[in-house]
Amino acid sequence: MDCALISNGSPPKPLRPDSSSQGWLAGILAVLLYVGPISAAAADGELLPPEQAFRFSARALNDRTLEARFAIADGYYLYRDKFKFAVTQDGAVLGAPELPAGKIKTDEFFGKMETYRGTVIVKLPLSGAAAGQTVVLAADSQGCADIGVCYPPMRQMLTLALPALGAGPGAQVDATPPRKNWFK
Amino acid sequence: MPRTFVRWVSVAAIAFVALVAGMYFNAGVPRESPAAGLLGLALPDTDGREQRLDQWKGQVLVVNFWATWCEPCREEMPEFVKAQAALGAKGLQFVGIAIDQPDKIRRFSQDLNLNYPSLVGGYGALELSKSFGNTIMALPFTVIIDRKGQVAYTQLGPLKPGKLDAIVGKLL
Numbered sequence: 001m002d003c004a005l006i007s008n009g010s011p012p013k014p015l016r017p018d019s020s021s022q023g024w025l026a027g028i029l030a031v032l033l034y035v036g037p038i039s040a041a042a043a044d045g046e047l048l049p050p051e052q053a054f055r056f057s058a059r060a061l062n063d064r065t066l067e068a069r070f071a072i073a074d075g076y077y078l079y080r081d082k083f084k085f086a087v088t089q090d091g092a093v094l095g096a097p098e099l100p101a102g103k104i105k106t107d108e109f110f111g112k113m114e115t116y117r118g119t120v121i122v123k124l125p126l127s128g129a130a131a132g133q134t135v136v137l138a139a140d141s142q143g144c145a146d147i148g149v150c151y152p153p154m155r156q157m158l159t160l161a162l163p164a165l166g167a168g169p170g171a172q173v174d175a176t177p178p179r180k181n182w183f184k
Numbered sequence: 001m002p003r004t005f006v007r008w009v010s011v012a013a014i015a016f017v018a019l020v021a022g023m024y025f026n027a028g029v030p031r032e033s034p035a036a037g038l039l040g041l042a043l044p045d046t047d048g049r050e051q052r053l054d055q056w057k058g059q060v061l062v063v064n065f066w067a068t069w070c071e072p073c074r075e076e077m078p079e080f081v082k083a084q085a086a087l088g089a090k091g092l093q094f095v096g097i098a099i100d101q102p103d104k105i106r107r108f109s110q111d112l113n114l115n116y117p118s119l120v121g122g123y124g125a126l127e128l129s130k131s132f133g134n135t136i137m138a139l140p141f142t143v144i145i146d147r148k149g150q151v152a153y154t155q156l157g158p159l160k161p162g163k164l165d166a167i168v169g170k171l172l
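Here the protein sequences line up with chains A and B, keeping their order.
For the first sequence, the residue numbers in this note's numbering are 1 to 184.
For the second sequence, the residue numbers in this note's numbering are 1 to 172.
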């Protein structure tokens, strides 16, 4: 370990008047280097947190159709059959999502699997909601990264205001606004 | 360098180290060591019987977090089955912690001819893997614990057979 190397390399103690202070500094350095491996073990290298690997946003096209959008980062993919959508308002119900065709892969155990990369747009028929009303849309998804890891099923939520009758589509709403970076 | 100045800088540096350490240890890391936390865990097996992980203490324990919805997990598991068969008598013990439902785990365990237990872990078990560095809680995630109960190795993503043999070979 790094700190062992440092202590082996430090000079014997009582040779110079300053040596005790240097010992202190060597000790501090050793502690700093010792903290290093702990943080390294906690780092995940290049892997993105799921909400960044699979960015979910949506808009209301009108009071009868919502449009969900997933922007999938390069090197990541989502499973078509893991998508589930729901609105939480009383009386409002989503119909069957219009999922585009994905890329089909056949697996010995899992059978036929369809995945998405890039951007996926899913139309969601909505009934029982009124123009101008607000609905909370929940999207369940599950995906993996090409380097060989999978994320647990994830639920992302956002709130959409349904446009007034005759008005155009509502604004695109992000489920996870970009995080603040304290170092910039 | 004047000695008092060096002292002053040292004190400031120690304060900084303490601050960093404090921030680190308050960032959701349990007070007990992660390995002790894992070994102290009791989870049901697929028959609903509670299994404590410390029943395997003293062996080289390979704890593999997996799920049936995780394709890369399934791909590496046949290698674990081979290693368990080859090295089990020497003290190697695999234990799966599946983030899944018991019936799915049972079916998969049969399909894969698992020769080691797979316990039923919920989201809490996945949370536990965070303390070993799996901050994004992805799978597969593997922790190798030596005979003394210390963490010898952790791996996010598939563990290559050569790597597994090399690490386990040193510990057995």
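Note that CB positions come from ideal geometry on N, CA and C, so glycine has one too.
Bear in mind that the values here come from a model prediction, so they are computed numbers and not experimental data.
Beta-carbon spacing of residue i, residue j below 8 Å
i	j	result
residue 142 of chain A	residue 79 of chain A	yes
residue 120 of chain B	residue 132 of chain B	no
residue 88 of chain B	residue 172 of chain B	no
residue 66 of chain A	residue 137 of chain A	yes
residue 124 of chain A	residue 85 of chain A	yes
residue 100 of chain B	residue 67 of chain B	yes
residue 75 of chain A	residue 158 of chain B	no
residue 57 of chain A	residue 135 of chain A	no
residue 150 of chain A	residue 138 of chain B	yes
residue 136 of chain B	residue 50 of chain A	yes
residue 85 of chain B	residue 115 of chain B	yes
residue 45 of chain B	residue 140 of chain B	no
Host alpha helix (DSSP H) of residue i (start-end)
i	result
residue 106 of chain B	102 to 111
residue 165 of chain B	161 to 171
residue 77 of chain B	71 to 87
residue 129 of chain B	123 to 130
residue 125 of chain A	Element bounds for residue 125 of chain A: not the alpha helix (DSSP H) but the beta strand (DSSP E), 119 to 127.
residue 36 of chain B	34 to 39
Interface flag, residue i vs chain A, CB-CB below 8 Å
i	result
residue 136 of chain B	yes
residue 156 of chain B	yes
residue 111 of chain B	yes
residue 28 of chain B	For residue 28 of chain B, the pLDDT reaches just 49, beneath the cut-off of 50, and the residue's location in the model is therefore unreliable, although a value from the coordinates is still provided. So no, residue 28 of chain B is outside the interface.
residue 69 of chain B	yes
residue 159 of chain B	no
residue 106 of chain B	no
residue 72 of chain B	yes
residue 99 of chain B	yes
residue 139 of chain B	yes
residue 128 of chain B	no
Neighbour flag for residue i against chain B, beta carbons, 8 Å
i	result
residue 147 of chain A	yes
residue 83 of chain A	no
residue 78 of chain A	no
residue 142 of chain A	yes
residue 70 of chain A	no
residue 116 of chain A	no
residue 107 of chain A	yes
residue 49 of chain A	yes
residue 171 of chain A	no
residue 41 of chain A	Bear in mind that a pLDDT of 33 at residue 41 of chain A, under 50, signals an unreliable position, so the number given afterwards is only what the model happens to contain. Yes, contact with chain B.
residue 152 of chain A	yes
residue 110 of chain A	yes
Cβ-based neighbour list, residue i, same chain, cut-off 6 Å, excluding 5 preceding and 5 following
i	result
residue 127 of chain A	93
residue 54 of chain B	39
residue 87 of chain A	94, 135 and 137
residue 97 of chain A	85, 122 and 124
Start-to-end residues for the beta strand (DSSP E) that takes in residue i
i	result
residue 103 of chain A	103 to 107
residue 111 of chain A	111 to 116
residue 66 of chain B	60 to 66
residue 50 of chain B	50 to 52
residue 42 of chain B	42 to 44
residue 92 of chain B	92 to 99
Own chain residues within Cβ distance below 7 Å of residue i, not counting five before or after
i	result
residue 153 of chain B	144 and 167
residue 61 of chain A	67 and 169
residue 99 of chain A	80, 83 and 122
residue 8 of chain A	With a pLDDT of 31 at residue 8 of chain A, under the threshold of 50, the modelled position of that residue is not reliable, and the figure given next carries that caveat. Same-chain partners within the cutoff: there are none.
residue 132 of chain A	162 and 164
residue 57 of chain B	39 and 149
Beta-carbon contacts of residue i that lie in its chain and below 8 Å, excluding the five residues immediately before and after
i	result
residue 41 of chain B	52, 53, 125 and 128
residue 95 of chain A	124, 125, 126 and 127
Taking only runs that begin and end inside the region 53 to 90 of chain A, name each unbroken beta strand (DSSP E) of 3 or more residues, in chain order. 54 to 62, 65 to 72, 76 to 79 and 84 to 87
In the region 129 to 157 of chain A, which residue ranges form an unbroken beta strand (DSSP E) of at least 3 residues, counting only runs that do not cross its ends? Runs found: 134 to 141 and 143 to 145.
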